[in-house]
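Colleague: Count along the sequence shown from 1, then add 2; that gives the number in the numbering used here. For every residue, glycine included, the Cβ atom is placed at its ideal position computed from N, Cα and C.
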Amino acid sequence: RFGVPFLNPCVNGSGMSCAPQGGSVRLGLRFIKDVGSGSAALILEERERHGPYASAGDLVRRTGLKPQAVLSLVTAGAFDGVTPNRREALWEAGLYTRPARNGQMALSLSMEDGVPELEDFTDREKMAGEYRVMG
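1) Please give me, in chain order, every unbroken run of the beta strand (DSSP E) with length at least 3 that falls completely inside the region 3-70.
2) Would you call the region 66-80 and the region 35-54 in contact, with 3 or more CB pairs under 8 angstroms?
3) Measure the Cβ-Cβ separation of Leu29 and Phe8 and say whether it is below 8 angstroms.
4) Quick one: Cα of Glu127 to Cα of Arg89, how far?
5) Can you tell me whether Ala95 is helix, strand or coil according to DSSP?
6) Less than 8 angstroms between CB atoms is the rule here; does Gly17 satisfy it with respect to chain B?
7) Leaving out the 5 sequence neighbours to the left and right, which residues in its chain are closer than 6 angstroms to Ala91 when beta-carbon positions are compared?
8) Under three-state DSSP, which class holds Ala130?
9) Less than 6 angstroms between C-beta atoms, sequence neighbours within five positions excluded: which residues of the same chain meet that for Arg64?
10) May I ask you to report which of helix, strand or coil DSSP gives Val84?
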């Protein structure tokens with residue numbers, strides 16, 4: 003409305019709430035669906051103690067966030083600064099996610115196997131996902 007650009011949330015650059023960044027506004031982590039204030043606080047506290055996150059897998063390993071929260075972070079573009087390809091970020095996060103307690107077996111994959119080269123989401127898919135998790 004006033005010509006101020008909004009920047010996607012970022013696991014290494016966002017705070018709890020929206021904040022000015024240069025001539026733009028960086029969206030806060032608590033506004034992402036399935037993340038909320040509790041998980042956002044955990045992300046920020048861990049980042050403050052041990053430094054920036056290197057990847058989606060690094061965040062999962064360090065915080066133990068639930069898979070749905072990590073999916074929403076990736077979908078919101080919060081890892082674009084460290085892993086620009088969102089499909090690859092999802093794959094890597096999945097390597098660190100514990101299997102559900104519903105009897106589902108875990109795949110025997112490891113980081114040594116590497117993240118496969120995956121085609122990223124289209125711009126249209128990214129935009130639709132961002133609207134879905136950020137309104």
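Modeller: According to the structure shown:
1) 21-23, 26-28
2) yes
3) Their beta carbons are under 8 angstroms apart, which means Leu29 touches Phe8 by this criterion.
4) Roughly 11 angstroms separates the two Cα atoms.
5) helix
6) The structure shown contains no chain B; it is built from a single protein chain.
7) Ala58, Val76, Phe81, Thr85
8) helix
9) Glu48
10) coil
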